[in-house]
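Trainee: For the sequence shown, the tail end lands on 254 under the numbering used here, and the numbers increase by one without skipping. Note that CB positions come from ideal geometry on N, CA and C, so glycine has one too. My questions will all concern the structure given below.
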Amino acid sequence: MTFTYEADETYKIYEAHGDRDAPLLVFLHGGGAGGWMWEKQVRYFTQYRCMVPALQGHGARSEGSFSIRGCAEELVGLIRLEAGGKAVHLVGFSLGAQIALEILGLAPTLISYAVIDSALVIPMPVMRSLIAPSIRLTHGLTRNRTFSKLQAKQLSIGTEYWESYYADSKRLSADALITILRENMSYEIPRNLGSSRARILVTAGEKERGIMKRSALKITASHPNAQCLIVPGIGHGFSLAAPELFNKTLESWFVTGEIPSLLFE
């Protein structure tokens, strides 16, 4: 199978793969990660036009500013441009899942199916207040390969993607990382999420912190067409820890709007 790459010539901030006439499938990466984390999904979903943006403040865009709202506003325009009226499915992980929620609120008719994986929507004010001193004290460790490998393990990033993760981590300045984490730990569900016409699958790993599983339940309760899935044996990073299961779960959701229980037996 040929794995093609096309860089958008207007914005230079996303990759697009596959048939331009196919339905659009958008993947939003997590904080401190990059589009590389979706390689196995792009290779699997050949029946879609796959769009993989580089989020504000990350990778080659690490010198720019970041906000969840600003990123969502930018992506709504890019998605509309790339979709050209075709059906759009949206997948977000962690920080990318928060941005996906914001997109659903901003553009209620844009997305047909969405998968929200590990989105924090319960603010953590105490932790937020400790971000700046903690990051300024430890940021130098991001250039330490051993420390970076330990961080990657917590995100289910294996050896095949570690070099990419390490390179992206080194690009993030302390100030940029502080901004991203503050946004992440302050985020709440958009008030108008319930107006989105999308069918939404909300996932979290069984081994994630309790606040992540409570967030998944809270998101599900905020939308009439949302379903929650707590994935057995998985921590933070479903798509990286179990890519085959993740792909089959998405495929089932996009085609039927249901998750067959046999996938998790």
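Work out the CA separation of S145 and E195 for me, nearest whole Å.
Mentor: 14 Å
Trainee: What is the residue span of the beta strand (DSSP E) that V191 lies within?
Mentor: 188 to 194
Trainee: Let me know if V15 comes out buried or exposed under the rule of 16 or more other beta-carbons within 10 Å of its beta-carbon.
Mentor: buried
Trainee: Around the C-beta of Y0, are 16 or more other C-beta atoms found within 10 angstroms, so that it is buried, or is it exposed?
Mentor: With a pLDDT of 40 at Y0, under the threshold of 50, the predicted position of this residue should be treated as unreliable, though the coordinate-derived value follows. Burial state of Y0 is exposed, judged by a 10 Å Cβ sphere holding fewer than 16 other Cβ atoms.
Trainee: Taking only the alpha-carbon atoms, compute the straight-line gap between E71 and L13 and give it to the nearest angstrom.
Mentor: 8 Å
Trainee: For the structure I just gave you, are there three or more beta carbon pairs, one from the region 40 to 52 and one from the region 100 to 108, closer than 8 Å?
Mentor: no
Trainee: Please state the DSSP three-state secondary structure of A(-4).
Mentor: Note that A(-4) scores a pLDDT of 40, beneath 50, so its modelled location is shaky; the value from the coordinates is reported in the next line. Strand.
Trainee: Terminal residues of the continuous beta strand (DSSP E) containing A205?
Mentor: Per DSSP, A205 belongs to no beta strand (DSSP E); it is in the alpha helix (DSSP H), 199 to 210.
Trainee: Assuming D157 contacts G73 (C-beta within less than 8 Å), just tell me the rounded distance between them.
Mentor: Contact doesn't hold; Cβ gap of about 30 Å is too wide.
Trainee: What did DSSP end up calling G147 once you bin it into helix, strand or coil?
Mentor: coil
Trainee: Whole angstroms is fine: what's the gap from Y(-6)'s alpha carbon to L126's?
Mentor: Model confidence at Y(-6) stands at a pLDDT of 35, short of 50, so the residue's coordinates are unreliable and nothing is read from them.
Trainee: Indicate the three-state DSSP secondary structure (helix, strand or coil) for Y176 in the structure shown.
Mentor: coil
Trainee: Should M(-10) go down as buried or exposed, given a rule of 16 or more other Cβ atoms within 10 Å for buried?
Mentor: With a pLDDT of 29 at M(-10), under the threshold of 50, the modelled position of that residue is not reliable, and no figure is offered here.
Trainee: Run through DSSP, which three-state label would E28 get?
Mentor: helix
Trainee: Excluding sequence positions up to five away, which residues of its chain have a Cβ less than 7 Å from the Cβ of G20?
Mentor: S83, L84, I169, N173
Trainee: Evaluate R188 with the Cβ neighbour count: other Cβ atoms within 10 Å of its Cβ, from every protein chain shown; 16 or more gives buried, anything less gives exposed.
Mentor: buried
Trainee: For the beta strand (DSSP E) that contains L79, what are its first and last residues?
Mentor: It spans 77 to 82 - the beta strand (DSSP E) in which L79 sits, taken as one unbroken run.
Trainee: Quick one: measure Cβ to Cβ for I258 and L99, integer angstroms, because I've assumed they're closer than 8 Å.
Mentor: Since the first and last residues shown for the chain are -10 and 254, residue 258 lies out of range.
Trainee: May I have the straight-line CA-CA distance separating A61 from I208, to the nearest angstrom?
Mentor: 18 Å
Trainee: According to DSSP, is D8 part of a helix, a strand, or is it coil?
Mentor: D8 carries a coil assignment under DSSP once its states are collapsed to helix, strand and coil.
Trainee: Name the one or two DSSP bridge partners that A215 has.
Mentor: A215 is bridged by DSSP to I189.
Trainee: DSSP state of P42, grouped into three classes?
Mentor: strand
Trainee: Give the straight-line distance between the Cα atoms of F(-8) and V115, rounded to the nearest whole angstrom.
Mentor: No answer about F(-8) holds up, because its pLDDT of 34 lies below 50 and its placement is not dependable.
Trainee: Quick check on the DSSP output: the beta strand (DSSP E) that includes V244 runs from which residue to which?
Mentor: It is not in any beta strand (DSSP E) - V244 instead sits in the alpha helix (DSSP H) that spans 232 to 245.
Trainee: Excluding the 5 residues preceding and the 5 following S241 in the sequence, name in chain order all residues of the same chain whose CB lies nearer than 8 Å to its CB.
Mentor: E247, I248, P249, L252
Trainee: Using the DSSP secondary-structure output, state which residues sit across from G103 in a beta bridge.
Mentor: Reading off the sequence shown, one finds Ala at residue 103, where the question assumed Gly. Answer by DSSP bridge pairing, in chain order: L79, I189.
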